[in-house]
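Asker: Adding 1 to a residue's 1-based position in the sequence shown gives its number in the numbering used here.
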Amino acid sequence: MKKLAFIGVGNMASAIINGILSSGAKVASANDLVLFDRFETQCASFAARGVEVAKSAPDAVKSAEYVLIAVKPQNLGELLDELSPLDLDNKTFISICAGVSTETISRRLGKAVPIVRCMPNTPLALGMGVTALSRNRLVSDAGYDFARGIFTAAGMVIDLDESQMNTVICVNGSSPAYFYYFIDAMVKSARAQGLDCDNIVEAVCRTVIGSAEMLMRSGKTPEELIRAVTSPKGTTERAMNELYSADVASTIDKAMRACTERAEEMPKEFGI
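So this is what it looks like as structure tokens:
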């Protein structure tokens, strides 16, 4: 019996697997894992590292104690229908499918099973991820600790009630794209103003990283640090006034709410 099966080996699952394999067997070793993806090439690099690749999703599930579901939401219904005839006793499911509740997964499987619901983000690939976790009532403490260990191997974990799992997507799951957008806009503006240097992207990224570190270490609020940087009648004040007049905070709020709304819509849209 394998410890952990991955169903779906896309970018996020690959980041999680790399985190596990890089943890020095603290969570699991290559011999403890079994993978399945409809596109076998997705598994090739892990097979070369000694990870077993199953011939089908049911085969992977049958052979594992824990099952991490990492398929796209539009493919989830078909997968769960395929797994529903199996004996699922003594198996714990771990789902990273955005917007899909533990109740929905159990209903589609045809029986109540232990499920840990997760919302990770892509910085997991660097060991700097943030993953939100919740669980249904059937998950044992040991099962939840194992699931937490998977994600603490590649970053930090926040524990939530499942009622908050759709909302947290706009905070950690989708938010890397917000920062990429802001960085891209800064770089394009700098170049449009004639700033010509090869490492401008790195300079902006390091400023973002340093600013975030200052916020975490200072014990101050974002508003306090904004005031500390903003000298009266100075350059930062002029820049911030443009952001305030454009009501960028309201746009961010709308974007985050749209993210949450989409999480609520997807299960119905994909017939799960």
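C-beta: ideal position from N, C-alpha, C; glycine also.
How is R108 classed by DSSP in three states: helix, strand or coil?
Answerer: Numbered from 1 along the sequence shown, position 107 holds the residue referred to as residue 108. Three-state result, R108: helix.
Asker: Just to confirm my understanding: we take K1, look at its own chain, exclude 5 residues before and 5 after, and list those with CB closer than 8 Å. What are they?
Answerer: Residue 1 lies beyond the range of the chain shown here (2 to 273); nothing can be said about it.
Asker: Below 7 Å CB to CB, which residues in the same chain sit around Y145 once its five sequence neighbours on both sides are set aside?
Answerer: Translated into positions along the sequence shown, residue 145 becomes position 144. Excluding sequence neighbours, Y145 sits near V117 and R136.
Asker: What would DSSP say about D276, mapped onto helix, strand or coil?
Answerer: Any answer about residue 276 is impossible in this case: the structure gives the chain only from 2 up to 273.
Asker: Excluding the 5 residues flanking C260 on each side, which residues of the same chain have their C-beta closer than 7 Å to its C-beta?
Answerer: One-based indexing of the sequence shown puts residue 260 at position 259. Excluding residues within five positions, the ones whose Cβ falls inside 7 Å are I170, C171 and S175.
Asker: Could you pull the start and end residues of the beta strand (DSSP E) that I159 belongs to?
Answerer: Here residue 159 refers to the residue found at position 158 of the sequence shown. Counting along the chain, the beta strand (DSSP E) containing I159 begins and ends at G156 to D160.
Asker: Three Cβ pairs or more, each shorter than 8 Å: is that satisfied between the stretch 80–93 and the stretch 19–33?
Answerer: No: the two stretches stay apart, fewer than three of their Cβ pairs being nearer than 8 Å.
Asker: By Cβ distance, which residues of its chain are closer than 8 Å to S107, with the 5 residues on each side in sequence left out?
Answerer: Numbered from its first residue, the sequence shown carries residue 107 at position 106. Excluding positions up to five away in sequence, the list reads A113, V114, I116 and N137.
Asker: What first and last residue would you give for the beta strand (DSSP E) that runs through C119?
Answerer: Residue mapping note: residue 119 aligns to position 118 of the sequence shown, counting from 1. Per DSSP, C119 belongs to the beta strand (DSSP E) from I116 to M120.
Asker: Under DSSP, the beta strand (DSSP E) around G312 begins and ends at which residues?
Answerer: Residue 312 cannot be examined here, being either before or after the span of the chain that is shown, 2 to 273.
Asker: Measure how close the beta-carbons of C44 and I70 come, nearest whole angstrom, since I'm counting them as under 8 Å.
Answerer: Position 43 of the sequence shown, counted from the start, is the residue given in the question as residue 44. Position 69 of the sequence shown, counted from the start, is the residue given in the question as residue 70. Actually they do not touch by this definition, with Cβ atoms about 16 Å apart.
Asker: Run the CB neighbour count on Y182, radius 10 Å, all protein chains shown included, and call it buried at 16 or more, exposed below.
Answerer: Reading the sequence shown from its first residue, position 181 is the one you call residue 182. Per the 10 Å Cβ criterion, exposed.
Asker: To which residues does DSSP link Y145 through a beta bridge?
Answerer: The residue given as residue 145 occupies position 144 in the sequence shown. DSSP lists no beta-bridge partner residue for Y145.
Asker: Which of helix, strand or coil does DSSP assign to V113?
Answerer: One-based indexing of the sequence shown puts residue 113 at position 112. For the sequence presented, residue 113 should be read as Ala rather than Val. Coil at A113, not helix or strand.
Asker: Taking three-plus beta-carbon pairs below 8 Å as touching, is the stretch 75–88 in contact with the stretch 117–132?
Answerer: no
Asker: Span of the beta strand (DSSP E) holding S96?
Answerer: Translated into the one-based positions of the sequence shown, residue 96 becomes position 95. Here the beta strand (DSSP E) through S96 covers T93 to S96.
Asker: Please classify G9 as buried or exposed, where buried requires at least 16 neighbouring CB atoms within 10 angstroms.
Answerer: Taking the sequence shown and counting its residues from 1, the one referred to as residue 9 is at position 8. So G9 ends up on the buried side.
Asker: What three-state label does DSSP hand F37 in the structure shown?
Answerer: By 1-based counting over the sequence shown, the position of residue 37 is 36. Here F37 sits in strand by DSSP.
Asker: Does the stretch 32–39 come within contact of the stretch 47–57, defined as at least 3 CB pairs closer than 8 Å?
Answerer: yes
Asker: Any heavy atom of the ligand FMN closer than 7 Å to the beta-carbon of Q43?
Answerer: You won't find the ligand FMN in this model; it holds no ligand whatsoever.
Asker: Determine the direct distance from the alpha carbon of L216 to that of L226, and round the result to whole angstroms.
Answerer: Position 225 of the sequence shown, counting from 1, holds the residue named residue 226. Position 215 of the sequence shown, counting from 1, holds the residue named residue 216. Using only the alpha carbons, I get a separation of about 7 Å.
Asker: Report the start-end ranges of each alpha helix (DSSP H) in the stretch 162–208 that is 4 residues or longer and not cut off at the edges.
Answerer: 166–169 and 176–193
Asker: Can the beta-carbon of L161 be found less than 8 Å from the beta-carbon of A133?
Answerer: Walking along the sequence shown from the start, residue 161 turns up at place 160. Walking along the sequence shown from the start, residue 133 turns up at place 132. Yes; because the gap between Cβ atoms is below 8 Å, this pair is in contact.
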